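In my numbering, the protein residues as written are 350 to 917.
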Amino acid sequence: GGVLIQTLLTKRYFGPYLDKIALVLSLATPHSYPDKLIKAIIYDWKSFDYHRQNHIQFQLARANQLDSLNMVSIGGSFNDHIIRPDLIELNTNHYFDRSISTTAIPDVWISTDHLCIVWCNQLVIKLNQMFFDLTEPESLVFKQSSDERQKIIDFHLVNKYLAGEYPRYLIPTRINFSGPIEWKELEERFTRIHFPKQVIRQINYLIRLNPKESIVVCIEGRLQFDMITACSIHQSSIDHYNNKEWYDDQIYSTNLINQMRSVPNSNVKLEQNIGYFSADELLNSNYTHLIIHLRSSQSPYTIIVDRFTTILRHRTINLPNFFETLFGLFESKLIFSKLISQQQLFFRLSLYNFDFIWNSFWATILTTSCYHSNSSFSGFLYIDYHQNQAKMNEFQWPLKPIKGNKLEFKLTRHKTSKRGNFFHKDQTVDEKIDLMLFLEPNCGFDFLIKFSLINAISQLLRHYFSLLIPMISSTLILLLCIQFSNVCYKKNTIPIESRRYRNRFKIYHHLDETCPESDHLQSRSIVFLKASDIMINHHYFLFCAIIIISMAMFSLWIIQQYVCLLII
Numbered sequence: 350g351g352v353l354i355q356t357l358l359t360k361r362y363f364g365p366y367l368d369k370i371a372l373v374l375s376l377a378t379p380h381s382y383p384d385k386l387i388k389a390i391i392y393d394w395k396s397f398d399y400h401r402q403n404h405i406q407f408q409l410a411r412a413n414q415l416d417s418l419n420m421v422s423i424g425g426s427f428n429d430h431i432i433r434p435d436l437i438e439l440n441t442n443h444y445f446d447r448s449i450s451t452t453a454i455p456d457v458w459i460s461t462d463h464l465c466i467v468w469c470n471q472l473v474i475k476l477n478q479m480f481f482d483l484t485e486p487e488s489l490v491f492k493q494s495s496d497e498r499q500k501i502i503d504f505h506l507v508n509k510y511l512a513g514e515y516p517r518y519l520i521p522t523r524i525n526f527s528g529p530i531e532w533k534e535l536e537e538r539f540t541r542i543h544f545p546k547q548v549i550r551q552i553n554y555l556i557r558l559n560p561k562e563s564i565v566v567c568i569e570g571r572l573q574f575d576m577i578t579a580c581s582i583h584q585s586s587i588d589h590y591n592n593k594e595w596y597d598d599q600i601y602s603t604n605l606i607n608q609m610r611s612v613p614n615s616n617v618k619l620e621q622n623i624g625y626f627s628a629d630e631l632l633n634s635n636y637t638h639l640i641i642h643l644r645s646s647q648s649p650y651t652i653i654v655d656r657f658t659t660i661l662r663h664r665t666i667n668l669p670n671f672f673e674t675l676f677g678l679f680e681s682k683l684i685f686s687k688l689i690s691q692q693q694l695f696f697r698l699s700l701y702n703f704d705f706i707w708n709s710f711w712a713t714i715l716t717t718s719c720y721h722s723n724s725s726f727s728g729f730l731y732i733d734y735h736q737n738q739a740k741m742n743e744f745q746w747p748l749k750p751i752k753g754n755k756l757e758f759k760l761t762r763h764k765t766s767k768r769g770n771f772f773h774k775d776q777t778v779d780e781k782i783d784l785m786l787f788l789e790p791n792c793g794f795d796f797l798i799k800f801s802l803i804n805a806i807s808q809l810l811r812h813y814f815s816l817l818i819p820m821i822s823s824t825l826i827l828l829l830c831i832q833f834s835n836v837c838y839k840k841n842t843i844p845i846e847s848r849r850y851r852n853r854f855k856i857y858h859h860l861d862e863t864c865p866e867s868d869h870l871q872s873r874s875i876v877f878l879k880a881s882d883i884m885i886n887h888h889y890f891l892f893c894a895i896i897i898i899s900m901a902m903f904s905l906w907i908i909q910q911y912v913c914l915l916i917i
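And the structure:
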């Protein structure tokens with residue numbers, strides 16, 4: 350599908366219709382070329398070269414006549430066992446290209462099967478919302494501006510920071526607060542604010558910015574465009590107006606709504622948004638405080654604020670290497686533990702030794718204990734693979750605040766490591782994956798991992814299946830040789846002098862003379878029988894096994910290097 354549309358768009362007879370195409374959307378179709386050498390084996394060289402030329406032409410057309418075209422490729426993530434997640438990536442570094450997995454799309458957040466992706470209810474609703482916003486109300490055609498189309502696509506599929514449809518109005522970058530507003534400063538490092546039914550009057554919560562700190566804000570409820578801002582306020586003004594209503598003065602602040610992100614929530618009636626703010630970056634921009642602005646509302650709201658020293662929440666974890674996984678094949682290893690006494694919302698885990706494609710682990714997050722009186726936040730996990738396109742990352746959820754609840758998921762690589770191929774590692778590149786944990790502060794959690802042998806074999810088959818074809822073929826040929834040689838011994842059809850085994854040319858000459866000329870098939874069969882007999886009697890089996898398999902792998906390695914050069 351993906352290769353087909355790329356080929357179609359570059360055809361000369363299709364040129365007059367390019368102006369009528371505004372968007373190309375593909376679901377679970379491969380765009381990467383070639384598919385890990387599989388085409389080099391299935392097709393002949395002419396077909397392989399034909400597709401390679403089409404790919405080069407599309408690369409050139411994407412930078413010229415197809416420059417204004419918006420392209421979106423959506424994959425089903427880890428549950429798609431036919432098309433791997435790395436194959437859906439658009440391999441043109443164009444601004445209007447987006448490759449994204451269903452596990453990272455707001456309001457979807459699940460992995461789909463290869464066939465189920467076309468009728469996934471959450472994805473269908475999301476795409477319909479996007480198409481409605483892309484369409485002009487008067488003319489009922491897509492918007493003419495590629496930049497405006499891309500903003501709408503990013504809003505729905507990448508970073509949804511407001512509820513409902515794409516905002517038709519211009520979101521202001523400068524916000525001023527005036528009128529009867531209650532101001533409160535949050536001095537505690539951890540704060541949970543809950544309005545179970547409604548917000549009666551406007552409230553502004555002030556959070557002081559300190560060096561080397563970070564702030565995570567979780568808001569459950571409808572997000573407004575002016576809810577998160579940054580401003581500069583002197584301490585004297587805070588002391589004077591703290592916990593009082595502000596009627597006369599005005600405070601001007603900068604809008605930070607675009608740094609909020611919609612995240613999964615078990616309560617489908619209320620949306621949930623998370624924002625991560627670095628205090629050092631805001632202080633460098635001459636801001637002193639972060640403001641959370643709550644308007645009067647008839648809807649419930651819950652706000653969780655976690656302020657912490659950045660380095661204390663960042664943990665570095667080395668995953669088990671090959672030998673450690675062999676010794677602990679059936680054991681789970683505890684890599685992280687959060688105590689119930691730690692009222693902390695956010696943790697960042699950096700996992701190293703995750704370099705090879707066969708690295709595959711079963712991960713389990715277990716809820717060990719909870720304070721039932723005040724545990725309502727259903728947490729989640731965000732997996733950042735640090736690839737060229739961050740849209741391939743995943744959400745895993747929910748982490749329910751119930752003792753004994755556990756969330757199991759797979760940790761596997763979507764693509765080969767930048768550190769090298771299967772056999773070689775580049776030590777100059779330090780590759781990792783980051784796990785962003787958002788946990789209920791009043792619960793304890795254990796994070797365990799265990800090496801998965803089945804998933805490791807599955808990964809090798811998915812990524813190196815092309816190497817198995819010549820190995821299996823050569824093995825079958827050698828097994829057939831053994832079978833035919835046994836038949837030859839039992840039938841004893843045509844004896845051959847033992848001294849003729851030493852000379853290859855004399856053997857072939859003898860075979861040609863003794864084979865019946867009337868039956869061509871019988872003649873060829875006898876030649877194969879005698880060749881098999883020679884291989885077995887003179888210990889050519891091991892020799893041919895080593896030569897055929899090694900030469901097959903070496904030739905495929907040469908093809909792989911050539912293909913990599915073509916892609917670059």
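Heads up, the beta-carbon is just placed ideally off N, CA and C, and yes, glycines get one too. Since the model is a prediction, treat every value here as computed from it, not as a measurement.
Item to complete: Name the two residues that bound the continuous beta strand (DSSP E) containing residue 697.
Response: Its beta strand (DSSP E) spans residues 695-701.
Item to complete: Identify whether residue 540 lies in helix, strand or coil by the three-state DSSP scheme.
Response: Under the three-state reduction of DSSP, residue 540 is assigned to strand.
Discussion item. Using the three-state DSSP reduction, which class does residue 688 fall into: helix, strand or coil?
Written reply: DSSP places residue 688 in coil when its eight states are reduced to three.
Worksheet entry | For residue 501, the three-state DSSP class (helix, strand or coil) | Helix.
Practice prompt. Could you tell me which residues DSSP pairs with residue 604 in its beta bridges?
Written response: Answer is 578, bridged to residue 604.
Discussion item. Since residue 714 and residue 755 should fall inside the 8 Å C-beta cutoff, what is the C-beta to C-beta distance between them, to a whole number of angstroms?
Written reply: Beta-carbon to beta-carbon, residue 714 and residue 755 are separated by about 7 Å, close enough to satisfy the 8 Å threshold.
Fill in: residue 666 and residue 734 closer than 7 Å at C-beta
No; because the gap between Cβ atoms is not below 7 Å, this pair is not in contact.
Worksheet item: What runs of the alpha helix (DSSP H), each 4 residues or longer, lie entirely inside the region 431-488?
Response: Listed in chain order, the complete alpha helix (DSSP H) runs (minimum 4 residues) inside the region 431-488 are 470-483.
Discussion item. I'd like to know if residue 539 contacts chain D, where contact means its C-beta is closer than 7 Å to some C-beta of that chain.
Written reply: Considering every chain present, this structure includes no chain D. It has just one protein chain.
Worksheet item: Curious, which full-length beta strand (DSSP E) runs of at least 3 residues does the region 618-651 contain?
Response: Counting whole runs of 3 or more residues, the region 618-651 contains the beta strand (DSSP E) stretches 621-627 and 638-643.
Worksheet item: Exposed or buried, which one is residue 789 when buried takes at least 16 other CB atoms within 10 Å?
Response: Counting every other CB atom within 10 Å of its CB across the protein chains shown gives residue 789 a total of 16 or more, marking it as buried.
Practice prompt. Decide if the region 525-543 is in contact with the region 609-620; the criterion is three or more beta carbon pairs, one per stretch, under 8 Å apart.
Written response: Contact between the region 525-543 and the region 609-620 is absent, because fewer than three Cβ pairs lie under 8 Å.
Discussion item. Between which residues of its own chain and residue 492 is the CB-CB distance below 8 Å, once the five residues before and five after are set aside?
Written reply: Contacts found: 371, 483, 484, 485, 498 and 501.
Practice prompt. Could you tell me if the beta carbon of residue 672 falls within a distance shorter than 6 Å of some heavy atom in the ligand ATP?
Written response: This structure lacks the ligand ATP; in fact it carries no ligand of any kind.
Worksheet entry | Burial state of residue 447, where buried means 16 or more other Cβ atoms lie within 10 Å | Buried, because 16 or more other Cβ atoms sit within 10 Å of the Cβ of residue 447.
Worksheet entry | Spatial distance of residue 812 from residue 805 (CA atoms) | Approximately 11 Å, taken between the alpha carbons.
Worksheet item: Is it buried or exposed for residue 398, if we count other Cβ within 10 angstroms and need 16 for buried?
Response: Classification of residue 398: exposed, given that the 10 Å Cβ count is below 16.
Worksheet entry | residue 524 to residue 575 span [Cα, whole Å] | Distance from the CA atom of residue 524 to the CA atom of residue 575, rounded to whole angstroms, is 7 Å.
Worksheet item: To the nearest angstrom, how far is it from the Cα of residue 389 to the Cα of residue 568?
Response: Legend: pLDDT at residue 389 = 45, less than 50; position of this residue unreliable, no value from coordinates given.
Worksheet item: In three-state terms, what does DSSP make of residue 795?
Response: Three-state result, residue 795: strand.
Item to complete: Please report the residue range of the beta strand (DSSP E) in which residue 361 lies.
Response: No beta strand (DSSP E) holds residue 361; DSSP gives it neither H nor E.
Discussion item. Tell me whether the region 634-649 and the region 542-553 touch, counting them as touching only if at least three CB pairs, one residue from each stretch, are closer than 8 Å.
Written reply: Yes, the region 634-649 is in contact with the region 542-553.
Practice prompt. Note down the Cα distance separating residue 697 from residue 489, rounded to an integer number of angstroms.
Written response: The straight-line gap from Cα to Cα measures roughly 46 Å.
Worksheet entry | Selected residue, minimal CA-CA separation from residue 430, among 461, 719, 794 and 609 | When only C-alpha atoms are compared, the closest one is 461.
Item to complete: Just tell me which of 627, 794 and 687 has its CA closest to the CA of residue 609.
Response: For residue 609, the closest of 627, 794 and 687 by C-alpha to C-alpha distance is 627.
Worksheet item: Under the rule that 16 or more other beta-carbon atoms within 10 Å means buried, what is residue 757, buried or exposed?
Response: With fewer than 16 other Cβ atoms within 10 Å, it is exposed.
Worksheet item: Looking at C-alpha atoms only, which residue of 731, 709 and 642 is the closest neighbour of residue 699?
Response: For residue 699, the nearest C-alpha among the options comes from 731.
Worksheet item: Taking C-beta to C-beta, are residue 441 and residue 406 nearer than 7 Å?
Response: Residue 441 places its beta carbon 7 Å or farther from that of residue 406.
Practice prompt. Go ahead and pull the three-state DSSP assignment for residue 841.
Written response: Here residue 841 scores only 48 on pLDDT, less than 50, and its place in the model is too uncertain to base an answer on.
Item to complete: Give me the Cβ distance between residue 423 and residue 451, rounded to the nearest whole Å; I'm assuming they're in contact under 8 Å.
Response: That belief holds up - the Cβ atoms of residue 423 and residue 451 are roughly 6 Å apart, short of 8 Å.
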